[in-house]
Structure formats: structure tokens, C-alpha cells
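Peer 1:
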Amino acid sequence: MRQSGILLHVSSLPSSYGIGSLGKEAYRFVDFLKQAGQRCWQMLPINPTGYGDSPYQALSSFAGNYYLIDLDLLVEEKLLEPCEVSEKSWGDNPAKVDFSILYQQRLPLLHKAFQRFDAEKNPEYKEFVRQKKGWLEDYALFMALKEENDQAPWTQWEDGIRLRDEDALKECRGRLKEQMEFHYFLQFLFYRQWDELHKYAAEQGVSLIGDVPIYVPMDSADVWAAPDRFQLDQNRMPVVIAGCPPDAFAAEGQRWGNPIYDWEAMKIDGYDWWISRLRAATHFFDVIRIDHFRGIESYWAIPAEEETAVKGQWRKGPGMDLIRAIHENLPETRFIAEDLGFLTPEVMEMQEQSGFPGMKVLQFAFDSREEGNYLPYTYTRNTVCYTGTHDNETLRQWQEMIRSENLQYALEYLQIEDEDSLPDAMIACGMASVSDLFVAQMQDYLGLGAEARMNKPSTLNERNWTWRAQEGQITPGLAEKIGRLTKLYGR
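Using the working numbering, the letters of the sequence shown correspond one by one to residues -19 to 471.
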């Protein structure tokens, strides 16, 4: 079935409390999608973010981001007083998330809700803790220990805890029992609010598409709790780290810094950690996009001591062995392969054998630096066409900064003369493509420029991940316009 959708992270929704949440604006956006004829809402990872605020560098692959818990819903449940929420300042720019304010104010406010919550009289809460114990206990202890250690990474904790000596862990569980239960409570709230939103979206015919990053950060509950799944030395420090080799976009490559999986160790138990991680994602999403899919075939391993990605080398990953395990354990789950980057015949063969639809990015079609062929006439049905992803410029920004020869080629290809109409022509081109699914960023439908770019890869700055739609931008008129385009191209 030909479908289309919109890419908008939950954090980018309008709200009065500094960041988009799982409350009324999320439900309104589902209604907007339905009115616009869109079948899919794509978002970024929804796990708790750590240093740098990137959703792709989460503190846990299983937990939800407590910043996204809706405060008004807690007021309705009498867990918070209206004045406790309204008296706080959540920043003076409604177009940006101020993560520093969230860091200072969100947890103390949620702790008040925790103090009013009667866990003993809530069987739903008890059942949640029982069902999620496999990851929840380690995550809650990890978060409690980070708070006790002034947010220092676990690699700097005292040896007994860092190396997970069982006696040391037992002592911590007893001493930090209340702090752990606070994080149980936060996850209970998040899952409950998410499940209600997910149910509503399904009732409106809207599927949720979510991202699973291929790697996890070193400072995460994932690595601390399962160090044997990663290429670490005897002191539990990474031997090699992840990234990308140099290319036309980055002369020194990209040094991401994530530890790399010990794929041979994972193979022994049938990639159980990966399967558990993907199964957890299926609780949140109807379709899962696997980020950096090519890293499953082979990955760029950078010696941990290197400051750039230049001296890395390609090493073989698990390839189809992991893909087969995914198919066997999650046969009903729909996936998207983020198959961008340096693609070899082996990567393309793996993607084809997986059956997962790959990605086509229209901006790349008209960029002479891009070696691959992303021109729309080459697309096949089992693909997902994007105008751009969260890592790209918005279409308006891209149109303003593209090389003149590339701009002229795009204008000729799209058969338009006015470059100001290029963003709309790109969206129409994607809608008209043969790809089974077309997705555009909300920023592109709104015609926004550089101020609305979600992320600039390999940078750490105060602009990344902060863009928010403002109240009054996502209108019924825009839904009607998108709906007409969607109907015109049979989506």
C-alpha cells in the first residue's frame, strides 16, 4: 500500500512546559496526521538522553525519556498541583528546548508526584515492575548511582560497583532502594502515557515509526550491565570505538565514540541482547528503523586512543546471521533499513536478502558529493523516500546553500524555474515516487530554514535536538494542503 507520513520528534511538539510531551498536543498531532491523510508518524529514539541531549546517545535502550512525561496528565491524576507546574519557568523561547532548565527542574517536580503515589495500592504498578525487572532493576540502580556520583560516568565509579561485584551491588540496592523505586515510578508513568497515545494513534489509522540506533553510548546502563557484550579491555574500557571513515562530507571521518559489540560473544546466545532490545522497541512502535544498518555487515573500528576516525578499519559484522535471528524471533515486526553511507556490494546484498525496505534521500539525489545514485527514477517499490532526515538541512536551508551547479540540475530535473518553489517541488517529487512510503520532515512542510534544523552530525552544540514547532503552526489549513497532495499522488 502506498503511504506517506511525517517526521516529527515528540520533543518538537508545542507545549507550555519546555518540551513536547505525551499529552494533548501529541493527540492533536495524531488528529492532524489523520486529517492530512498521513498513515505514519515517524519520530526519533524516545529513550532517556544523557550528555549532549542526543536521543541517539541514550542512557538505556529499554527505558523511556522521563522528560516526555506529560505534566498536565499528572495534574489530572492529583499527583501534582496546578500551581506546582505553572509557577516554574520553562524557558523564554517556545521554539527551542532548553535542556539545562529541564535538567534542573523536571526531576524535582516528578519527585513530588512520586511522593504522592501509593505504590502499595496500585496493582498495575506492581505488575509493571515485575514484568520489566529484566532491565528495569539494572537501569534504576544505574540512575541512582549516577545521581550519587554527581552524574559521573560509570567508568569513574569505585571498582566494586564499576566492575559489578555482587556484594557491592547488593549493598547499593539496599541503600538506594527509594531512589531506585523513584525510577521504577518514572518508567511506569512513561509506559502508561505512551501506551494510551499508541492506542489512540492505532484507532485513528496512524502507525508509529521509531528509530533504534545501532550503537549505545559507553555511559549507559546497557554497557554497565552487560560489559561482556562489548569489545572492552580488562578494565572495562573500550578497545575500539564506532564511527565512519573520511568522505566528501567529513575530511577526518566521524568519531562517534560508542563501544562496539563483541559480535562473536553475542552469537553464542543467538544475539539475545539485540533481540530483547528490538522486542522492547516493538512495544513502542509499529515499524522500527534500524539506524546505520550497514554496520551490521561491516563496521568502521577506530582504536579508542585515536582522536579522529582516520586510522579506523573495516571489520566484518554479523551480517545475515543477525538478520536471520531477527526474522526468527520477530517475524511479524516491520523494519526499515537505514542503508545510507558507504555502500558496498556486500551491504546491498545483505539489505536485499533481509527484505527490509531501504532509504532514498532526495537531497542526496542532487548533491554531487554523494557517490550513490538517489535519483527518483531509480527507486523501487520496497523503499522509503525521504526529503531529508533529522541529520540533513531543512529543504529551505538546503536550497539556500546548495552549490549553484547542483541547484540548476535540481531545477531542471524537477522542471521548475523558480528556486523558491524548490522545497515544494521536492515534496511533490517524493510523493509521486514509486516508493511504498514517503516521509517528509514537519519543518519542510512548514517551510522553515536553518533555525529549524534538528541536528548537525558530529557536532555538539546548543542548537542540536532543540527545535520545536510553535503553537499555531500546525494548522487545519496545512493538513488540508498536505491531504490534497497525498490524494493527488495516490497515497
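Here a beta-carbon is modelled for each residue, glycine too, at the ideal position from N, C-alpha and C.
Mind pulling the alpha helix (DSSP H) runs of 4 or more residues that sit fully within the segment 238 to 267?
Peer 2: For the segment 238 to 267, whole alpha helix (DSSP H) runs of length 4 or above, ordered along the chain, are 243 to 248 and 252 to 264.
Peer 1: Are the segment 298 to 317 and the segment 346 to 354 touching by the rule of at least three beta carbon pairs closer than 8 Å?
Peer 2: No: fewer than three Cβ pairs fall under 8 Å.
Peer 1: Tell me, please, which residues DSSP counts as bridged to Thr363.
Peer 2: Locating residue 363 in the sequence shown gives position 383, where the first residue counts as 1. For Thr363, which the question treats as bridged, DSSP gives the partners Gly338.
Peer 1: CA-CA distance, Leu387 and Cys409?
Peer 2: Looking up residue 387 in the sequence shown gives position 407. Looking up residue 409 in the sequence shown gives position 429. Roughly 15 Å separates the two Cα atoms.
Peer 1: CA-CA distance, Tyr354 and Cys365?
Peer 2: Residue numbering aside, residue 354 sits at position 374 when the sequence shown is read from its first letter. Residue numbering aside, residue 365 sits at position 385 when the sequence shown is read from its first letter. Spanning the two alpha carbons is a distance of roughly 10 Å.
Peer 1: Using CA atoms only, rank isn't needed, just tell me which of Leu39, Lys150 and Met411 is closest to Pro193.
Peer 2: Translated into the one-based positions of the sequence shown, residue 193 becomes position 213. When each option's Cα is compared against that of Pro193, the closest is Leu39.
Peer 1: Can you say whether Lys247 is buried or exposed, counting buried as having 16 or more other CB atoms within 10 angstroms of its CB?
Peer 2: In the sequence shown, the residue the question calls residue 247 occupies position 267. When all chains shown are included, Lys247 counts as exposed.
Peer 1: Spatial neighbours of Asp147 within its chain, please: C-beta separation below 8 Å, excluding the five flanking residues on both sides.
Peer 2: Residue numbering aside, residue 147 sits at position 167 when the sequence shown is read from its first letter. For Asp147, where only same-chain residues beyond five positions count, the Cβ hits under 8 Å are Gly140.
Peer 1: To which residues of the same chain is Ala245 closer than 8 Å at the C-beta, ignoring the five residues directly before and after it?
Peer 2: The residue labelled residue 245 in the question sits at position 265 within the sequence shown. The residues are Asp208 and Arg209.
Peer 1: From the DSSP output, in three-state form, read off Lys68 for me.
Peer 2: Residue numbering aside, residue 68 sits at position 88 when the sequence shown is read from its first letter. Three-state result, Lys68: coil.
Peer 1: What are the boundary residues of the alpha helix (DSSP H) that Tyr279 is part of?
Peer 2: The residue given as residue 279 occupies position 299 in the sequence shown. First-last for Tyr279: Ser278 to Pro283, but that is the beta strand (DSSP E), not the alpha helix (DSSP H).
Peer 1: DSSP on Ser384, reduced to helix/strand/coil?
Peer 2: Indexing the sequence shown from 1 puts residue 384 at position 404. In this structure, Ser384 counts as helix in the three-state DSSP scheme.
Peer 1: Alpha carbon to alpha carbon, how far is Met422 from Ser(-4)? Give it in angstroms, no decimals.
Peer 2: Taking the sequence shown and counting its residues from 1, one reaches residue -4 at position 16. Taking the sequence shown and counting its residues from 1, one reaches residue 422 at position 442. Roughly 20 Å separates the two Cα atoms.
Peer 1: Among the candidates Arg216, Thr446, Met330 and Glu312, whose CA atom is the shortest distance from the CA of Gly0?
Peer 2: The residue given as residue 0 occupies position 20 in the sequence shown. Among Arg216, Thr446, Met330 and Glu312, the Cα nearest to that of Gly0 belongs to Thr446.
Peer 1: In this structure, how does DSSP classify Lys436 when only helix, strand and coil are distinguished?
Peer 2: Along the sequence shown, read from residue 1 onward, the residue named residue 436 stands at position 456. Coil, per DSSP.
Peer 1: In or out: Met80 buried (at least 16 other Cβ within 10 Å) or exposed?
Peer 2: Here residue 80 refers to the residue found at position 100 of the sequence shown. Checking the sequence shown, residue 80 turns out to be Ser, not Met. Its Cβ having fewer than 16 others within 10 Å, Ser80 is exposed.
Peer 1: Which first and last residues belong to the beta strand (DSSP E) in which Ser80 is found?
Peer 2: For the purposes of this step, residue 80 is taken as the residue at position 100 of the sequence shown. Ser80 -> not in any beta strand (DSSP E); alpha helix (DSSP H) instead, spanning Phe79 to Arg96.
Peer 1: Per DSSP, what kind of secondary structure is Pro218 in: helix, strand or coil?
Peer 2: If you number the sequence shown from 1, residue 218 lands on position 238. Strand, per DSSP.
Peer 1: Below 8 Å, can you find three or more Cβ-Cβ pairs linking the segment 255 to 272 to the segment 52 to 64?
Peer 2: Contact between the segment 255 to 272 and the segment 52 to 64 is absent, because fewer than three Cβ pairs lie under 8 Å.
Peer 1: Residue range of the alpha helix (DSSP H) that Gln111 falls in?
Peer 2: The sequence position of residue 111 within the sequence shown is 131, counting from 1. Its alpha helix (DSSP H) spans residues Pro103 to Gln111.
Peer 1: Taking 7 Å as the threshold (C-beta atoms), are Asn372 and Gln343 in contact?
Peer 2: In the sequence shown, residue 343 corresponds to position 363, counting from 1. In the sequence shown, residue 372 corresponds to position 392, counting from 1. Closer than 7 Å, so yes.
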